[in-house]
Amino acid sequence: MLKIKPVFYSAIIVIVVSALNFMVFLEAYKKLAFPFIHEEQRVENAPYIFLYILPSFVLVAVISLVLIKMTAKKMSK
Numbered sequence: 403m404l405k406i407k408p409v410f411y412s413a414i415i416v417i418v419v420s421a422l423n424f425m426v427f428l429e430a431y432k433k434l435a436f437p438f439i440h441e442e443q444r445v446e447n448a449p450y451i452f453l454y455i456l457p458s459f460v461l462v463a464v465i466s467l468v469l470i471k472m473t474a475k476k477m478s479k
């Protein structure tokens, strides 16, 4: 039977890490790119940010979580 608590905690970790990564990305993008692009370019870039960047942060968070869990299992043996 699948244990709900570890899955829930893992999902929370993935969401929090992804959100933090995305916030850091948006802050950096705002400070580094916004002064150099026009409003039209900003509007054109927004869908790409949400289409590619956000899912990639979720993917990296999941991969990181899996690697941490695998390492923890090997260390506990």
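The opening position of the sequence shown corresponds to residue 403 in the working numbering, with each subsequent residue numbered one higher.
All residues carry an ideal CB built from backbone N, CA and C; glycine is no exception.
query, result
"Close beta carbons around V416, own chain, < 8 Å, minus the five adjacent residues each side", "V460, A463, V464 and L467"
"Local conformation of I470 per DSSP, three classes", "helix"
"Nearest-angstrom Cβ-Cβ length linking F452 and R444, presumed shorter than 8 Å", "Contact flag wrong, Cβ pair sits at about 13 Å."
"Residues of its chain near F424, where Cβ-Cβ distance is below 8 Å and the 5 sequence neighbours each way are ignored", "I455, L456 and F459"
"Endpoints, the alpha helix (DSSP H) within which Y411 is located", "I406 to L434"
"Backbone CA spacing between K405 and S420 [nearest angstrom]", "23 Å"
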